[in-house]
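This report concerns only the one structure given below.
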Amino acid sequence: MSAIKRVIRTALKELPAELVLKDCNLVNVYTGEITRTDVSIAAGRVASIEKNSGPAQKFFDCSGYYAVPGLLDGHVHLDSTLLTPTQLAKIILPCGTTTVFIDPMEIANVLGLRGINSLLKDAWGSPLKTYVQISSRVPTAPGLETTGAVLGVREVVRMVKWSTVASLGELDPSKVIPPQDEYLLKVMATKRSWKVRVGHAAGLSGAELNAYASAGIGDDHECVTAEEALERVRLGMKVMIREGSSERNLEELIKLITVKGQDPRNFFFCTDDKHPNDIVREGHIDYNVRKAISLGLDPVRAVQLATINCAEHFRLDDEVGSIAPGRFADIVLVRDLREFKPEIVIANGQVVARKGKLLVRLREYRWPGWSTNTVKMKRSVEPADFEITSDREVQAVRVIQTIEGQIINKEIRAELKVIDGKVVVDIANDILKIACVERHKRTGNVAVAFVKGFELKEGAIASSVAHDHHNIVVVGANEADMAKAVNEIKRTQGGLVAVGRGKVLEKLELPIAGLMSKRSPDVVTRKLEKLNQAARDLGCKLNAPFMTLSFISLPTVPELGLTDKGLVDVRHRRIIPVKID
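Take any residue in the sequence shown, note its place counting from 1, add 25, and you have its number in the numbering used here.
The following block contains the structure:
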């Protein structure tokens, strides 16, 4: 018997349900009601939500529980969590997340379409539903960076036919303002297939934002202020309220609903980029729900932001986002709607987690050998590679100023001493060296600039996760430790490293594309905590130093970025000199 026939006949009580959730307080995300009822499940889907359920193979007494739909993450880069998809599922399924919308641009920039295919093969080994946002900008900044691969129009046209594709991935303004045929063809390919186009409009407003929206971009997850978010909603765009490791926007943006009274249907949650130690400590989308409630949002509204709003936006509300007949039986049971602590998680009609513990065994994917040999440098680096020369006694320079809790940055100016013809760091005023070392094509490119915000008093930290080109980025108080950190990443074929006084203090190896570990969430979390502590011991006060480090090189988020080709003026999309004459 086909699955759909079984679901229909179960709803008619002609066949026993596989599972009935008896007497639960069902949160109806369509009406906003909470009703006492039963939920009958068959063939992995909801057959009915009628009070008087029919026969069942198994009944579960849910009196005292609230039943909410499985949670959705509207935009996440799985590979920037440092975990493989299967390993990530082990920690977010118990949090109640049953569906993710992934933009695989990280692995695409390193390994192209075959990297995406491997990522999805890994993802399909768990009950976590994975929908794809086709990476639209690989490379992110053509001509301004070196990447390992390219995804063109041909690849997008091929991918849009995949059944798991939900949208075009985030497209930054530089791709459509001024109009560029390659990217508009990608937009039209997804539009013809009735797919959404995801946005990335950091800092955009006015006429440019109107032009951007007119290109068919449907949402944005880069809003930092409530004013930015409201401007987008007025143009018919949806706003994803992001709460990641280094991008924390929920407290500001939720005011649009709780204070300004804006329609909550225009908002939904995402994490974008969140390290596993933060997930283990705080939670995933369930954390967004709890935090929103603590800031004054009605609990049912918070659930809607975590479920149906996202599903409707991506036109998948007939599959996920609600507890309703015909939808996947993805259900989270909580005792208290305000505390919102997932106690039992059901995915595809099966109990997969209870009280924070995963109950099912997931299939492990064996990554191919070519995916673990991606750090291809022309040679090992030397301290001299990180020197900036000057014939002056004092040199004026541009500096990247980080902003805690955000991925945007500011351009500031500083005057630095020149000793023996070399511009030196100013540790007392937190002006450090930052460099980007090419690792895809053996070009030998090394770009050096200055950064403020890391507060290292000594040593260096480095990462092969560097958005979105994923070359090696390193920040340091001296050139010798910077070289040591980069060469350690070269030796281990990817990773995060903290170095002090010529010694590797802590490291996390990331052999899969230089982005992901092969290890379990527990191991990765412990190592990441040790790395963060090592960074703190070196003087860094950032909450998420390695996440901040990974974004400082991004050439599409204002105001400055750093690639292997140099310092990037993001607004004008050009390489600019570090030294100011």
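A virtual CB, placed ideally from N, CA and C, is assigned to each residue, including glycine.
Query	Result
Same chain, Cβ closer than 7 Å to ALA254, five either side skipped, listed in chain order	CYS248, VAL264, LEU278 and LEU281
Through-space distance from GLU534 to THR109, alpha-carbon basis	13 Å
C-alpha distance - PRO367 paired with LEU138, whole-angstrom precision	36 Å
From VAL422, VAL52, GLN82 and LYS83, residue whose alpha carbon lies closest to that of ILE74	VAL52
Rounded straight-line distance, which links the Cα of ASN373 to that of GLY586	43 Å
Where TYR91 falls, given that 16 or more other Cβ within 10 Å makes a residue buried	buried
For ALA81: DSSP bridge partner residues	ALA42
6 Å CB neighbourhood of GLY591 in its chain, flanking five on each side removed	ALA472 and ILE600
Nearest residue (CA-CA) to HIS494, options SER575, ASP298 and GLY57	SER575
Beta-carbon gap between VAL175 and VAL163 smaller than 8 Å	yes
LYS380 burial status per 10 Å Cβ neighbour count (16 or more: buried)	exposed
Neighbourhood of GLU530 by C-beta, 7 Å cutoff - its chain only, sequence neighbours within 5 removed	The identity of residue 530 in the sequence shown is Leu, whereas the question assumes Glu. Cβ neighbours of LEU530 beyond the five flanking positions: ALA523, VAL524 and ALA559.
Reduced DSSP category for THR111 - H, G, I as helix; E, B as strand; rest coil	helix
Closest residue to GLY394 among LEU136, SER88, ALA42 and LYS38 (Cα-Cα distance)	LEU136
Residue(s) in a DSSP beta bridge with CYS49	THR62
Beta-carbon gap between ALA331 and ASN313 smaller than 8 Å	yes
Inter-residue Cα distance where the pair is ALA569 and VAL419	33 Å
Supposed contact pair GLY269 and LYS316 - C-beta distance, whole angstroms, cut 8 Å	With a Cβ gap of about 13 Å, LYS316 and GLY269 do not count as contacting.
7 Å Cβ shell around LEU113 - same chain, five flanking residues per side excluded	LEU103 and THR106
Alpha helix (DSSP H) runs wholly inside the region 185-260, at least 4 long, in chain order	206-217, 231-239 and 251-259
Assigned exposure category for ARG306 - 16 Cβ within 10 Å defines buried	exposed
Identity of the residue in ARG222, ARG596 and LEU322 nearest ASN434 by Cα	ARG596
Alpha carbon of ILE428 to alpha carbon of THR296, nearest angstrom	18 Å
Residue nearest to GLU252 in terms of C-alpha spacing, selected from ASN274, TYR237, ALA240 and GLY241	ASN274
6 Å Cβ shell around ILE605 - same chain, five flanking residues per side excluded	ALA421
PRO580 and LEU169 closer than 8 Å at C-beta	yes
Three-pair Cβ contact test at 8 Å for the region 338-358 versus the region 82-100	yes
Cβ pair count under 8 Å reaching 3, the region 449-467 against the region 548-556	no
Inter-stretch contact (C-beta, 8 Å, three-pair minimum) for the region 396-411 and the region 114-129	no
ASN142 - DSSP class collapsed to helix/strand/coil	helix
Coil, strand or helix - LYS76 by DSSP	coil
TYR91: first and last residue of the uninterrupted beta strand (DSSP E) it sits in	91-94
Whole-Å CB distance - PHE339 paired with VAL221, under 8 Å assumed	6 Å
Given 8 Å, three or more beta-carbon pairs between the region 205-222 and the region 233-249	yes
Proximal residues to VAL385 (C-beta, below 6 Å), its chain only, five neighbours per side dropped	VAL377
Residues that DSSP places opposite PRO367 in a beta bridge	VAL359
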